Amino acid sequence: MRLILPVGLIATTLAIAPVRFDREKVFRVKPQDEKQADIIKDLAKTNELDFWYPSATHHVAANMMVDFRVSEKESQAIQSALDQNKMHYEILIHDLQEEIEKQFDVKEDIPGRHSYAKYNNWEKIVAWTEKMMDKHPEMVSRIKIGSTVEDNPLYVLKATKTYGRNKIMTKLLDQMNFYILPVFNVDGYIWSWTKNRMWRKNRSKNQNSKCIGTDLNRNFNASWNSIPNTNDPCADNYRGSAPESEKETKAITNFIRSHLNEIKVYITFHSYSQMLLFPYGYTSKLPPNHEDLAKVAKIGTDVLSTRYETRYIYGPIESTIYPISGSSLDWAYDLGIKHTFAFELRDKGKFGFLLPESRIKPTCRETMLAVKFIAKYILKHTS
Amino acid sequence: MQPRRQRLPAPWSGPRGPRPTALLLALLLLLAPVVAPAGSGGPDDPGQPQDAGVPRRLLQQAARAALHFFNFRSGSPSALRVLAEVQEGRAWMNPKEGCKVHVVFSTERYNPESLLQEREGRLGKCSARVFFKNQKPRPTINVTCTRLIEKKKRQQEDYLLYKQMKQLKNPLEIVSIPDNHGHIDPSLRPIWDLAFLGSSYVMWEMTTQVSHYYLAQLTSVRQWKTNDDTIDFDYTVLLHELSTQEIIPCRIHLVWYPGKPLKVKYHCQELQTPEEASGTEEGSAVVPTELSNF
Numbered sequence: 001m002r003l004i005l006p007v008g009l010i011a012t013t014l015a016i017a018p019v020r021f022d023r024e025k026v027f028r029v030k031p032q033d034e035k036q037a038d039i040i041k042d043l044a045k046t047n048e049l050d051f052w053y054p055s056a057t058h059h060v061a062a063n064m065m066v067d068f069r070v071s072e073k074e075s076q077a078i079q080s081a082l083d084q085n086k087m088h089y090e091i092l093i094h095d096l097q098e099e100i101e102k103q104f105d106v107k108e109d110i111p112g113r114h115s116y117a118k119y120n121n122w123e124k125i126v127a128w129t130e131k132m133m134d135k136h137p138e139m140v141s142r143i144k145i146g147s148t149v150e151d152n153p154l155y156v157l158k159a160t161k162t163y164g165r166n167k168i169m170t171k172l173l174d175q176m177n178f179y180i181l182p183v184f185n186v187d188g189y190i191w192s193w194t195k196n197r198m199w200r201k202n203r204s205k206n207q208n209s210k211c212i213g214t215d216l217n218r219n220f221n222a223s224w225n226s227i228p229n230t231n232d233p234c235a236d237n238y239r240g241s242a243p244e245s246e247k248e249t250k251a252i253t254n255f256i257r258s259h260l261n262e263i264k265v266y267i268t269f270h271s272y273s274q275m276l277l278f279p280y281g282y283t284s285k286l287p288p289n290h291e292d293l294a295k296v297a298k299i300g301t302d303v304l305s306t307r308y309e310t311r312y313i314y315g316p317i318e319s320t321i322y323p324i325s326g327s328s329l330d331w332a333y334d335l336g337i338k339h340t341f342a343f344e345l346r347d348k349g350k351f352g353f354l355l356p357e358s359r360i361k362p363t364c365r366e367t368m369l370a371v372k373f374i375a376k377y378i379l380k381h382t383s
Numbered sequence: 001m002q003p004r005r006q007r008l009p010a011p012w013s014g015p016r017g018p019r020p021t022a023l024l025l026a027l028l029l030l031l032a033p034v035v036a037p038a039g040s041g042g043p044d045d046p047g048q049p050q051d052a053g054v055p056r057r058l059l060q061q062a063a064r065a066a067l068h069f070f071n072f073r074s075g076s077p078s079a080l081r082v083l084a085e086v087q088e089g090r091a092w093m094n095p096k097e098g099c100k101v102h103v104v105f106s107t108e109r110y111n112p113e114s115l116l117q118e119r120e121g122r123l124g125k126c127s128a129r130v131f132f133k134n135q136k137p138r139p140t141i142n143v144t145c146t147r148l149i150e151k152k153k154r155q156q157e158d159y160l161l162y163k164q165m166k167q168l169k170n171p172l173e174i175v176s177i178p179d180n181h182g183h184i185d186p187s188l189r190p191i192w193d194l195a196f197l198g199s200s201y202v203m204w205e206m207t208t209q210v211s212h213y214y215l216a217q218l219t220s221v222r223q224w225k226t227n228d229d230t231i232d233f234d235y236t237v238l239l240h241e242l243s244t245q246e247i248i249p250c251r252i253h254l255v256w257y258p259g260k261p262l263k264v265k266y267h268c269q270e271l272q273t274p275e276e277a278s279g280t281e282e283g284s285a286v287v288p289t290e291l292s293n294f
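Protein sequence lines, in the order shown, are assigned to chains X and D.
Under full-length UniProt numbering, the first residue of the first sequence is numbered 1, with each subsequent residue one higher.
Under full-length UniProt numbering, the first residue of the second sequence is numbered 1, with each subsequent residue one higher.
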């Protein structure tokens, strides 16, 4: 039944002006008795509910599935009303526009070009950074902060003011610069495309070992050698021969140190687990402003969940995920950046590292909500 | 369906543990040394209690182990579950023996490519007692869960999966499932579901207080002809261990028939280091018909 209606809707929209259903939701409710059925009928009077099943309000009765579409704005009111009346419901579709587009398998991607809906190899990512600079020269500039073991460039994009399309972003960019490092472990990333999909470390050679690579996120100078299991060059979490022994690590730490006065927040993105983490990993002691960090993390994860109901947990690294030493998060915090966060993005293990491409855009959209919140919070609360 | 507000109450989503009334406070001091890895030698005093409460990760560890065991024991590739949320739990430490955890958690159906993504249908609820024997694998599990899917429906789906498997053309020319971009061809889903079922046994056996695993990818599959209508296949999986970030290849041999106990044999590769001889994890099992020893 559901499959027919979207096509029906699309047929109409093609004939008139393009109608969109961005972030519109489809609810499913099963009224348990006449009283609950009446509640739905009442809601239909005061809100614009487009019934998918049954076809009209007056057919709504007890003990049947009732499906209806509602705008993003009204969905909040609907949810409160259902909650208040202790009625169970399910959100079948979080963003109708997305589902419609998925059905068409929208090929906005031209093979060979960067796509926001696909995984892009390193070449495409570099080409994309160039395109960003070309298209938005007043807003985006690219900085080379160093190079990798295999002499690939490490690029940071600086995003500054004069945005315009999104009100919140404009406001943020008016008062803050964003430095964005799209890929940190470039050599490892390339290797994962060409030789071993599960490769984690960089590609530096280790003395006295046939095994290659250091885990860059164990290589920072933050209680670097306090956890013994990161000392084996053949292990996937090898810490390296010394703190900041790796070219890539050095490039980042130099960049951050030289901009330390400007930097108010450090955010690092990883996968997977759906967690928002803050220091510390190398100790179970909590950082002095842990209450503040927890508050930001709580609201950030709440905001993230408003989009697709993706649930994140949050907390300090050590007790939430596992103890780790030498992480960039702990290092940045101890250096003096008092708001540092690590996102472990989707999912929780069903696909893990092999997250299907169809999840890329939704993941980005929801994550951006959290990032924008964090940025807004920092603007409000720090001098 | 659960209303959107169905969430852990505030204390749980925070770094602090569950409400103090749920804990045996006297034993908290014993928790701290065990939850840091052995010999961590960190700058903090291991005797100093953490911020009141069982570290969330220990409860998650226990919930995962319980779920792997539950999935294996169910013997049904259509009734697989994954962890939704830990709701509450307690832990008891005994430095000589190990760690006992009682945990209550919610689950959802495992369905890799459902339209509804993570919000597929109802949430099941489980209660488990997990005993981790001092960093040793194969935790003892006692777990019960509310039913998530009607028995008849489950049997039907199992049988459908069985038929799909039987219709696959051999030799199967499969490079990997999912492919490197996370895609699983719908015709190959039954293979994945069955592999996940078999891997649950392996992951249960290998889980400790510290190590936990996810199935990352199948890298080879081979199905054998049988005389007795069972599904018999060999596959290689990559397991991802979170605390060390290791990717561990395992060979698994599995024999299955809908409604019958699952038979699993496996062999996982240990981390190869130049200094140590390579070790292997090996194990095999048949779902016991009496569960009196658990």
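Idealized CB from N, CA, C, for every residue including glycine.
None of the values given here were measured: they were computed from a predicted structure.
Contacts around residue i, its chain only, beta-carbon distance under 6 Å, and the 5 residues preceding and following it disregarded
i	result
alanine 370 of chain X	Gly300, Val303 and Leu304
residue 373 of chain D	Residue numbering for chain D in the displayed model covers 1 to 294; residue 373 of chain D lies beyond these limits and cannot be assessed.
isoleucine 39 of chain X	Asn85
glutamate 113 of chain D	For glutamate 113 of chain D, the predicted structure reports a pLDDT of 47, less than 50, and the residue's modelled location is therefore unreliable. The matter cannot be settled from this model.
residue 408 of chain X	The requested residue 408 of chain X is not part of the displayed model; chain X covers only 1 to 383.
glutamate 34 of chain X	Ala62
Cβ neighbour criterion (16 or more within 10 Å) applied to residue i
i	result
methionine 93 of chain D	buried
lysine 348 of chain X	buried
serine 76 of chain D	buried
methionine 206 of chain D	buried
arginine 200 of chain X	buried
leucine 160 of chain D	exposed
isoleucine 110 of chain X	exposed
isoleucine 256 of chain X	buried
methionine 132 of chain X	buried
arginine 57 of chain D	buried
For residue j and residue i, believed in contact at Cβ under 8 Å, the rounded distance
i	j	result
valine 143 of chain D	glycine 198 of chain D	Between glycine 198 of chain D and valine 143 of chain D the Cβ distance is about 19 Å, and since that is not below 8 Å, they are no contact.
glutamine 97 of chain X	aspartate 22 of chain X	5 Å
valine 29 of chain X	leucine 92 of chain X	Actually they are not in contact, since the Cβ atoms of valine 29 of chain X and leucine 92 of chain X sit about 11 Å apart, beyond 8 Å.
glutamine 245 of chain D	aspartate 236 of chain X	4 Å
threonine 107 of chain D	arginine 81 of chain D	4 Å
glycine 182 of chain D	phenylalanine 351 of chain X	5 Å
Close beta carbons around residue i, own chain, < 7 Å, minus the five adjacent residues each side
i	result
threonine 21 of chain D	Note that threonine 21 of chain D scores 40 on pLDDT, short of 50, meaning its location in the model is unreliable; the coordinates nonetheless yield the value given after this. Closer than 7 Å at Cβ, skipping near neighbours: no residue.
alanine 61 of chain X	Ala37
glutamate 366 of chain X	Leu304, Arg307, Tyr308 and Thr310
glycine 173 of chain X	A small fix is needed here, since residue 173 of chain X is leucine in this sequence, not glycine. Excluding sequence neighbours, leucine 173 of chain X sits near Ala159, Thr160, Lys161 and Tyr163.
arginine 203 of chain X	Val149, Glu150, Asp187, Gly188, Trp191, Ile212 and Gly213
leucine 172 of chain D	Val221, Arg222 and Gln223
Helix, strand or coil at residue i according to DSSP, with G and I counted as helix
i	result
isoleucine 252 of chain X	helix
residue 415 of chain X	Lying outside 1 to 383, the shown extent of chain X, residue 415 of chain X is not represented and no answer is given.
leucine 345 of chain X	strand
serine 327 of chain X	coil
lysine 205 of chain X	strand
glycine 198 of chain D	helix
glutamine 269 of chain D	strand
leucine 260 of chain X	coil
threonine 217 of chain D	As written in the sequence, residue 217 of chain D is glutamine, which differs from the threonine given in the question. Strand at glutamine 217 of chain D.
Same chain, Cβ closer than 8 Å to residue i, neighbours up to 5 away in sequence not counted
i	result
arginine 239 of chain X	Thr214, Asp215, Arg218, Asn219, Trp224, Asn225, Thr230, Asn231, Ser325 and Gly326
arginine 147 of chain D	Gly124
tyrosine 282 of chain X	Ala222, Ser223, Ser226, Ile227, Glu318, Pro323, Ile324, Ser325, Gly326, Ser327 and Asp330
threonine 253 of chain X	Phe220, Asn221, Glu244 and Trp331
Cβ-Cβ distance between residue i and residue j below 8 Å
i	j	result
histidine 136 of chain X	lysine 124 of chain X	no
phenylalanine 131 of chain D	threonine 208 of chain D	no
alanine 62 of chain D	glycine 89 of chain D	yes
leucine 239 of chain D	tyrosine 213 of chain D	yes
serine 211 of chain D	threonine 236 of chain D	no
leucine 293 of chain X	histidine 339 of chain X	yes
lysine 247 of chain X	valine 149 of chain X	yes
proline 316 of chain X	proline 279 of chain X	yes
phenylalanine 341 of chain X	alanine 375 of chain X	no
leucine 59 of chain D	valine 103 of chain D	yes
phenylalanine 105 of chain D	glutamine 87 of chain D	yes
asparagine 47 of chain X	glutamate 72 of chain X	no
methionine 198 of chain X	isoleucine 247 of chain D	yes
Neighbouring residues, chain B, relative to residue i (Cβ below 9 Å)
i	result
asparagine 237 of chain X	As a matter of chain content, chain B is missing from the structure shown, whose protein chains are X and D.
Residue i: CB within 7 Å of a non-hydrogen atom of the ligand MN
i	result
tyrosine 257 of chain D	Ligands are entirely absent from the displayed structure, and the ligand MN is therefore not among its contents.
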